[in-house]
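Q: Residue numbering for the sequence shown follows the numbering used here, beginning at 1 and increasing consecutively. Ideal Cβ placement from N, Cα and C applies to all residues, glycine included.
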Amino acid sequence: METTKSSASHSVLILGAGIAGMQAALDLAAMDYNVYLLDRSPSIGGNMARLDKTFPTNDCSTCMIAPRMVAAARHPNIHILTLAECMGIEGEPGAFTAGIHLQPRYVDAQTCISCGLCVEKCPKKTANEYNAGLDQRKAIHFLFPQAIPLVPTIDTQCCLYFQKGKCRICEKLCPVQAVRLQDKPRELDLSVGAVILAAGFELGLVPQAGEYGHGRYPNVVANLEFERMLSAAGPFGGHPRRPSDGKKPRNVAWIQCVASRDSARKRNFCSSVCCMAAVKQAILVREHDPESRATVFYMDIRAHGKDFDRYILRAIDQYGLRFVRSMLSQVMQNPQNGDLIIEYYDRSSLEQRREEFDLVVLSAGFQPSESIGPLLRTLGLQRNSYGFVESDPEDPTHTSRPGIYVCGVLDGPKDIPEAVSSASAAAAGVAALLGHRPAEHESVPREHPRARDTAGDPPCIGVFVCHCGKNIAGVIDVQTVREYAKGLPHVVAVEDFMFTCSTRTQQRMQELIDEQRLNRVVVAACSPRTHEPLFQETLQAAGVNKHFFEMANIRDQCAWVHGSDPQAATDKAKDLVRAAVSRAALLEPFEDVATPVVPAALIVGGGLAGMTAALNLADQGLRVHLLEKEEELGGMARRIRRTLEGVSLRRLAERLALRVRSHRNISLLTATTIQDISGNAGRFKAIVQQNGEAFSLECGAVILATGGAPYQPATDDYGYGKHPRVITQLQLEEGLVTGTIDAPQTTVMIQCIGSRNDEFPLCSRVCCAAAVKNGILLMEKNPAASVYILYRDVRTFGFKEEYYRKARDLGVIFVKFDPQSPPEVVPDGDALQVRVFDPASQMILEIDPDLFVLSVGIRPQPGIERLGKILKLPFMQEGFFMEAHPKLSPLDFSRPGAFVCGLAHSPRFVEESITQALGAAARASGLLWKKQVFSSGVVAEVKRELCSACLACVNICPYQVPYIDRENVSVIDAEACQGCGICVAECPAGAITFRHYTDDQILAQIEGLTH
């Protein structure tokens, strides 16, 4: 038995190393906690590593998650334990002991060099479960090309040595004797202060059930199986084939809500992501083969996220996807050709139809990973009827056992950004529980080797070309680009890789830098926005200044935009590589700018999200300035009586406000507005105004929790403001609770008022649940009442589906309408008549309601445009703030040190806003607990001998950084400079240069591109 010796009170165990587990680990590691990241799999990465692309951007999933995997593996505070399982946890918060069972890999990870010789020579093959059994792997194998650790594992169930006592080829051939066939399972006790459960999900569909022929008909596959079929690293190299005969599927159908929204199978919840995943897959099929057909059979299209509805419209208009609203009962196989027969009722023609498809994809719902079940039972954690962990709706990452937190899909189905946010929120909960590590126990910061002195050395450039699976190599001739790069000036080493972001490639790059004495590196791959930091860190680890790096974006700028013309894409890729090499030859070394951190946060907005973030940071021991423009705290929560689940938001807001006002670490400023913010991550200076008086505040991070506002209906929105019987859901709820509105006999509600239209394409996410909530309230008050909800798609995702069913059971009538033929409301004095076409009965319904209730959407808080301009932050089309990355950085802005949460981000439910607020607090505290941070050294510099003090730079700078000193020369503070480059272009004397983007470097790049 082994026992860890680290400080338990500042160590954390995370069970599950998917995207949520990795995010929680990285956040806690940034706060200087010692993290054990455990997974039963041979590799970290979880389900996201199995995906091909992600919606709504169609970004490569591997390209996104690989840098996170590498970051987790490289962080000195994170200890990865794969092939590991937690058997039990004893103790109390701050002093847990976790019993860990470690299964042997039979290959020593410290010795293995990942050469793959053992895999190549292994004689035994078996079905590859990672690829859903669609191809084969060896008994000794790598889980997938980007696995971390990239060390093969021996499957003892099919290994000839373990089954028959013979072979041992892998052991004999290993050049470093890394194979350890005599290894045994080990037991390990970990002393930790808190535990985070991030065990992920598996499909609720099993082949034994035979759902729609799955497991019986080879051409019926589940959605995750189809992801592997689409993946470039999958069984078919990124070109889907029918499992039965290997033919290209030309007519593919998706069936939605399989093992979801199914009360007969006791799975009456929505898995939240299946609709969008199906649309993404259908788009990819059409991109692979423009002649193919894609049909989605659905009940409701639940596109409730940022830009999701726009993605659906693009799928229809640009890719020709066909959506058929029909609930299917079965799929039959044509025994002659293996095609699948689907019979359905066509609502447009009112006819029964029968179609044959080459392939059918089942959009299967989620369930918690079965492997975590025994531990959850041992711990006695409360779970709902579907097996998901019950969490506190007012503190969504807390479980029923103190000190144990939950994140990701384990407490309910959610999309990647929600899983990432919940992971950061769990980290915030742990930080508030354990407190920050005392200074004498702080870990030693990771140090890279001292950069080589390259002064006077000629350029020695290495070029690395990425296949990016099929994202690049499916269009561009990578071998041609590689051979072309060999002939470019100063290039001494060229290689191509399947994925340049994988751990194995990073190791190979370091080896080549050392072997060839490279002093500059060019990577031809995807976007520097997501991958540049990864490659720069590799250069640092190899002893090369990180700014000797240049990237050619041949994915976005070649493969993606010229997908229909491979030759043009290849030629352009050669041009971009040539230009990158030309610029790289002139790169110069420099260091980033160090900034001492002010250990305080500025939070703008005193609603639920702002107060939650403030309290978490304050509980960690950080100072917080909480600004609210109104006199009262609470925001929108003051206007909502209760949630669909029954939580009283007013009481919650009152409790939080009381804690905020009494917390010693929180400085509360109400009736206060922001006038200006300057500075960088680690040291911002804000000018605020309260009661006409302006004063300054210093902080290291800024969190925007500015909230939102309900859409104010116009008079052409069914007579709102003109007719007394036309009201909003907020007005209905308030009136029913206070008694100012008597329970009406007949009520008609209409969805999507002010949302999902040309002016505001976004779904407001909460409106369907609001209608269901008030519909239930009306029926419970008067069971004899009539309540009609007119809708386009009912979007009660997750466990809110249970309330949708409850409303129908109580007698609420749901009528779908076509937005091209919306309902009509005809006023008749004090009365109203509603006319709507009912597609189910093919009749026009005429209803005389006592009330006509508008489900209005959510708009950004008025005035946030000014705040966004002050901080130079981007907005999306609908006016909400735009995060740094829609999947993996949902709470960060592209400007370091600034974070977003709640309705400022986008329409959210209360529990989602609270989760985001805690997540934003975790992201901020990872910065605030540092003594100093390093910001980009790519800044403007003044050549003092050329400056004429003309004030051009002073007047043009949007950040007010330049000033004229006593010697009558312009000065640009490197700490404050944001690197926008405007002053460089504006200076009439050419006295300002831009570090890393000098005229010579840019001109060389242009010349390289054009010659």
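Considering aspartate 155, what are the terminal residues of the beta strand (DSSP E) in which it resides?
A: That residue, aspartate 155, is in no beta strand (DSSP E); it is neither H nor E in DSSP.
Q: Please give the ranges of any alpha helix (DSSP H) in the region 971-1003, keeping only runs that are unbroken, at least 4 residues long and fully inside the region.
A: The qualifying runs are 982-986.
Q: Are the beta-carbon atoms belonging to glutamate 390 and arginine 401 less than 8 angstroms from one another?
A: no
Q: If we count the other Cβ atoms within 10 Å of its Cβ and call it buried at 16 or more, is proline 42 buried or exposed?
A: buried
Q: Report yes if the CB atom of isoleucine 1002 is closer than 8 angstroms to the CB atom of cysteine 953, and no otherwise.
A: no
Q: From what residue to what residue does the beta strand (DSSP E) around methionine 882 run?
A: From DSSP, methionine 882 is part of no beta strand (DSSP E); its letter is neither H nor E.
Q: Taking alanine 807 as the reference, give the member of Leu918, Gln820, Asp838 and Asn774 with the closest Cα.
A: Asn774
Q: With three or more beta-carbon pairs closer than 8 angstroms as the criterion, would you say the region 791-810 touches the region 297-305?
A: yes
Q: In chain order, what are the residue ranges of uninterrupted alpha helix (DSSP H) at least 4 long that sit wholly in the region 198-266?
A: 223-230
Q: Can you name, in chain order, every residue of its own chain whose Cβ lies under 8 angstroms from the Cβ of proline 566, other than the five neighbours on each side?
A: Val475, Ile476 and Asp477
Q: If we require 4 or more residues per run, which alpha helix (DSSP H) segments fall completely within the region 417-491?
A: 470-473 and 478-486
Q: In this structure, how does DSSP classify alanine 681 when only helix, strand and coil are distinguished?
A: coil
Q: Run the CB neighbour count on isoleucine 367, radius 10 Å, all protein chains shown included, and call it buried at 16 or more, exposed below.
A: What sits at residue 367 in the sequence shown is glutamine, not isoleucine. Glutamine 367 should be labelled buried.
Q: Looking only at its chain, what residues have a beta carbon closer than 6 angstroms to the beta carbon of leucine 845, apart from the 5 residues adjacent to it on each side?
A: Val836 and Asp838
Q: Using C-beta distances below 7 angstroms, list every residue in its chain close to valine 409, excluding the 5 sequence neighbours before and after it, in chain order.
A: Gly200, Phe201, Phe366 and Ala419
Q: Can you tell me where the beta strand (DSSP E) with threonine 728 in it begins and where it stops?
A: Taken as a continuous stretch (DSSP letters only), the beta strand (DSSP E) holding threonine 728 covers 726-728.
Q: Let's see if you can read the secondary structure: which residues bound the alpha helix (DSSP H) around aspartate 27?
A: 19-30
Q: Under 7 angstroms Cβ to Cβ from isoleucine 776, same chain only, skipping five residues before and after it: list those, please.
A: Tyr803, Lys806, Ala807 and Leu810
Q: If we require 3 or more residues per run, which beta strand (DSSP E) segments fall completely within the region 60-107?
A: 78-81, 84-92 and 95-102
Q: Answer with buried or exposed for aspartate 245, where buried requires no fewer than 16 other C-beta atoms within 10 angstroms of its C-beta.
A: With fewer than 16 other Cβ atoms inside 10 Å of its own Cβ, aspartate 245 counts as exposed.
Q: Should the region 777-786 be regarded as contacting the region 732-748, the criterion being three or more beta carbon pairs within less than 8 angstroms?
A: As far as the Cβ criterion goes, the region 777-786 touches the region 732-748, which means the pair count is three or higher.
Q: Here's the rule: buried if 16 or more other CB atoms are within 10 angstroms of the residue's CB, otherwise exposed. What is serine 114?
A: buried
Q: Could you give the first and the last residue of the continuous alpha helix (DSSP H) run that contains alanine 585?
A: Counting along the chain, alanine 585 falls outside any alpha helix (DSSP H), and DSSP gives it neither H nor E.
Q: Using the Cα positions of proline 862 and glutamine 712, report the straight-line distance between them to the nearest angstrom.
A: Approximately 12 angstroms between the Cα atoms of the pair.
Q: What's the call for phenylalanine 695, buried or exposed, on a 16-neighbour Cβ count within 10 Å?
A: exposed
Q: Which residue from Leu13, His288 and Leu633 puts its Cα closest to that of proline 249?
A: His288
Q: Report back the beta-carbon spacing between asparagine 471 and leucine 918 to the nearest angstrom; my notes put them in contact at under 8 angstroms.
A: Not quite, the Cβ-Cβ distance comes to about 34 angstroms (not below 8 angstroms), so this is no contact.
Q: Would DSSP call proline 566 helix, strand or coil?
A: helix
Q: Rounding to the nearest angstrom, what Cα-Cα distance links valine 176 and valine 151 in this structure?
A: Rounded to the nearest angstrom, the gap between the Cα atoms of valine 176 and valine 151 is 13 angstroms.
Q: In the DSSP assignment, find the alpha helix (DSSP H) that holds valine 119 and state where it starts and stops.
A: First-last of the alpha helix (DSSP H) with valine 119: 117-121.
Q: By the 10 Å Cβ neighbour count, where 16 or more other Cβ atoms means buried, how is arginine 520 classified, buried or exposed?
A: With 16 or more Cβ atoms within 10 Å of its Cβ, arginine 520 is classed as buried.
Q: Can you name the residues that DSSP bridges to asparagine 34?
A: Ser11
Q: State the DSSP-derived secondary structure class of glycine 798, mapped to helix, strand or coil.
A: strand
Q: What does the alpha-carbon distance come out to for the pair cysteine 699 and alanine 705?
A: Each residue's Cα considered, the two are about 16 angstroms apart.
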